[in-house]
Every structure is written in structure tokens, then in C-alpha cells.
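A.B. asks: Residue numbers (our numbering): 48 to 303.
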């Protein structure tokens, strides 16, 4: 992998990690278009540059994160389903990383967003702040997050859907999804690096560093923009985008 590829993938990771459109899916699909070899290092690279995106959330939400222990306890509870299932199903999840899986998951997730927004049109949400989220809701959102182990589903997308179903308003659902990324992605990335440390070498550390920094910068931009957007609008545009992108890649892969 060269520096140009690292920059492109860093931009894609940063822009899509916290949007409900699947960053993993976009990385797989963009890599396919760029003709990047899907070797062990490339898969580790995609996981590792997520740390740049995580640090963007840490920087943006540091005030809330260090205001007390309560938010960390809720995040710990929400992480339990993904942590347990991810540890047990690690090898099986890795086997799902394919463009066709991503395409179908993008389309299905897009349909879910459209249906959910239609059903919730005009609905009054009962939870209007992150602090009002209870431990029961946190655990339930954690189970929704576990669905994101399927590439293309989107970690943020599945947690936001879960939040909306449980009564969180759009902005709160998005904010809790961002915060839940911290323990989830830190642990997932650390575990993946431990399992695949043999793929790292001095030669590819420069690409990893560039991807990391670029992902951080563009994640900062994406999170700020997304919160402003969702404060005024709904998730219908993201649902439509997912469906269109999924169909385009099904054509590209000659599956339809």
C-alpha cells in the first residue's frame, strides 16, 4: 500500500466512521475500486486507522466524558454484547468481509432507515439527553451495535436505529453512538492489532501513520457536520444513499 492509497482510505474512514453508512463497507468497496490487494496488512490497516477517528470523538466530547463516572458505566454496559459476541465469533466475522456482503447490508440498512423514519414521523421522543439514558436502554443499544459485526451494516447506523426505537431523539441517539465507539473501537482495534501484529513492519508504518492522521482530521469534520445536519433533518437521505450505493456495487460486481 502506498501513501496515496493511505490518504484516500484515511479520508473515507474519517468521513464515514460516524455516519450511518458503514465505514468498513466503504473501505472495502473503495479498496476494490482502487485495486488494493486484500492481504492481512490491508485488513489490519483498515482497523487501525479507526483509532484516528476515535481520538476525534475523544477530543470533541472530552467535557462530557470527564464529567463523571456515570457515562462510562453506561458505555461499559452497552459494550458487553459486542465484546462477548466479537470475542466468540472473531474468525467468523472476518470471513464476512466481502464486497457482496457489504452491498446487501447497505441496501437492507437503507430500507430500515426509511421505514423507521416513516413509522416515527411526528413522534415525540421520551429521551432528549445522553444523561437521561438508563442502563436498560444502554444494554439494548449494545445488542443493536452487535449487528454491526456484519460488514456494511454500520456500527453507528445500528446503534442509532436502536436508539430511535428505544425512544432517544435523533441527536441523542447519534451522540450516544459516537461515545459508544470509544470502548468498542479501542478494544476491537487493540485486539485486532494483537492478533495481526505479524503483518506490521517498518516499511508499512508510514502508510499507517498517514492514514491515522487523515482519519482524525476528517472525522472531526464529519462529526461536527453530522450533528448540525441531524439537528435539523432526519435520516432519510442516509437511507436513500445506502440503497443507491448498494445497488451500484451490485451492478459493479455483476450480481444483478
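Even glycine gets a Cβ: it sits at the ideal position worked out from N, Cα and C. Everything numeric in this text was worked out from a predicted model, so none of it was measured.
#1: Since residue 104 is in the alpha helix (DSSP H), which residue starts that stretch and which ends it?
#2: Would you list the one or two residues that DSSP bridges to residue 215?
#3: With residue 286 as the anchor, note down where its alpha helix (DSSP H) starts and where it stops.
#4: Can you tell me whether DSSP reads residue 276 as helix, strand or coil?
#5: Going by C-alpha distance, which of 50, 106, 70 and 49 is nearest residue 59?
#6: Considering only their Cβ atoms, is the gap separating residue 76 from residue 128 smaller than 7 angstroms?
#7: In whole angstroms, what is the alpha-carbon distance linking residue 155 and residue 290?
#8: Please go through the same chain and pick out, in chain order, the residues whose beta-carbon is closer than 6 angstroms to the beta-carbon of residue 190, but skip the five residues on each side of it.
#9: Using the Cβ count rule (16 or more neighbours within 10 Å means buried), how would you classify residue 199?
#10: Return the Cβ separation of residue 292 and residue 203 in integer angstroms, given the expectation that the two are a contact with Cβ distance under 8 angstroms.
#11: If I'm right that residue 192 touches residue 205 with Cβ under 8 angstroms, what's the distance once you round it to whole angstroms?
#12: Take every Cβ of the stretch 218-231, pair it with every Cβ of the stretch 118-134, and state whether three or more of those distances are shorter than 8 angstroms.
#13: Thinking C-beta only, is residue 135 closer than 7 angstroms to residue 236?
#14: By a C-beta neighbour count over all protein chains shown, 10 Å radius and 16 as the cutoff for buried, is residue 197 buried or exposed?
#15: At which residues does the alpha helix (DSSP H) containing residue 130 begin and terminate?
#16: Could you tell me if residue 81 is buried or exposed, where buried requires 16 or more neighbouring beta carbons within 10 angstroms of its beta carbon?
#17: Verify whether the separation of the beta carbon atoms of residue 318 and residue 68 is less than 7 angstroms.
#18: Quick one: grab the DSSP three-state call for residue 268.
#19: Applying the 10 Å Cβ sphere with the 16-neighbour rule, what's the burial state of residue 162?
#20: Only counting the same chain, and skipping five residues up and downstream in sequence, which positions put a Cβ closer than 6 angstroms to that of residue 62?
#21: Taking its Cβ as the centre, do 16 or more other Cβ atoms sit within 10 Å of residue 157, making it buried, or is it exposed?
#22: With 16 as the cutoff for other CB atoms within 10 Å, does residue 52 come out buried or exposed?
#23: Rounded to a whole number of angstroms, what is the C-alpha to C-alpha distance between residue 91 and residue 295?
#24: Whole angstroms are fine: how far does the CA of residue 234 sit from the CA of residue 218?
#25: When the Cα atoms are used, what is the spatial distance from residue 166 to residue 178?
C.D. replies: A quick look at the data gives this:
#1: The residue you call residue 104 lines up with position 57 of the chain shown. Per DSSP, residue 104 belongs to the alpha helix (DSSP H) from 97-107.
#2: Looking up residue 215 in the chain shown gives position 168. In the DSSP assignment, residue 215 is bridged to 174.
#3: Residue numbering aside, residue 286 sits at position 239 when the chain shown is read from its first letter. Run containing residue 286: 283-299, per the alpha helix (DSSP H) assignment.
#4: As a working mapping, residue 276 is identified with position 229 in the chain shown. Residue 276: helix per DSSP, three-state reduction.
#5: Counting from 1 along the chain shown, the entry for residue 59 is found at position 12. Selection 50, 106, 70 and 49 evaluated against residue 59 yields 70 as nearest (Cα-Cα).
#6: Taking the chain shown and counting its residues from 1, the one referred to as residue 128 is at position 81. Taking the chain shown and counting its residues from 1, the one referred to as residue 76 is at position 29. No.
#7: Here the question's residue 155 lines up with position 108 in the chain shown. Here the question's residue 290 lines up with position 243 in the chain shown. Residue 155 and residue 290 have their C-alpha atoms spaced approximately 8 angstroms apart.
#8: By one-based count along the chain shown, residue 190 stands at place 143. Around residue 190: 128.
#9: The count along the chain shown starts at 1 and reaches residue 199 at position 152. Only buried fits residue 199, as 16 or more other CB atoms lie within 10 angstroms of its CB.
#10: Residue mapping note: residue 292 aligns to position 245 of the chain shown, counting from 1. Residue mapping note: residue 203 aligns to position 156 of the chain shown, counting from 1. That pair is no contact at about 16 angstroms.
#11: As a first step, residue 192 is located in the chain shown; it is residue number 145 there, counting from the start. As a first step, residue 205 is located in the chain shown; it is residue number 158 there, counting from the start. In this structure residue 192 touches residue 205 by the C-beta definition: roughly 6 angstroms separates them, less than 8 angstroms.
#12: By the C-beta criterion, the stretch 218-231 is judged to be in contact with the stretch 118-134, since at least 3 inter-stretch pairs fall below 8 angstroms.
#13: Along the chain shown, read from residue 1 onward, the residue named residue 236 stands at position 189. Along the chain shown, read from residue 1 onward, the residue named residue 135 stands at position 88. Cβ distance not < 7 angstroms, so residue 236 and residue 135 don't count as in contact.
#14: Numbered from its first residue, the chain shown carries residue 197 at position 150. Under this definition residue 197 is a buried residue.
#15: Residue 130 sits at position 83 when you count from the first residue of the chain shown. Boundaries of the alpha helix (DSSP H) around residue 130: 117-135.
#16: Within the chain shown, the letter at position 34 stands for residue 81. Around the beta-carbon of residue 81, fewer than 16 other beta-carbon atoms lie within 10 Å, marking it exposed.
#17: Past the edges of the chain, shown from 48 to 303, lies residue 318, and the structure says nothing about it.
#18: The sequence position of residue 268 within the chain shown is 221, counting from 1. In the structure shown, residue 268 sits in a helix (DSSP, three-state: H, G or I).
#19: For the purposes of this step, residue 162 is identified with residue 115 of the chain shown, where counting begins at 1. Within a 10 Å sphere around the beta-carbon of residue 162 sit fewer than 16 other beta-carbons, which makes this residue exposed.
#20: For this step, residue 62 is matched to residue 15 along the chain shown. Excluding the 5 residues flanking it on each side, residue 62 has same chain C-beta neighbours closer than 6 angstroms at 265 and 269, in chain order.
#21: Sequence index remark: in the chain shown, residue 157 carries index 110 (1-based). Residue 157 counts as buried, since at least 16 other C-beta atoms from the protein chains shown sit within 10 angstroms of its C-beta.
#22: Stepping through the chain shown from its first residue, residue 52 is reached at position 5. Using a 10 angstroms sphere on the CB of residue 52, the tally of other CB atoms reaches 16 or more, which defines it as buried.
#23: The sequence position of residue 91 within the chain shown is 44, counting from 1. The sequence position of residue 295 within the chain shown is 248, counting from 1. Rounded to the nearest whole angstrom, the C-alpha separation of residue 91 and residue 295 is 26 angstroms.
#24: Translated into the one-based positions of the chain shown, residue 218 becomes position 171. Translated into the one-based positions of the chain shown, residue 234 becomes position 187. The alpha-carbon of residue 218 is positioned some 25 angstroms away from that of residue 234.
#25: Counting from one through the chain shown, the residue named residue 166 turns up at place 119. Counting from one through the chain shown, the residue named residue 178 turns up at place 131. Computed Cα separation, rounded: 26 angstroms.
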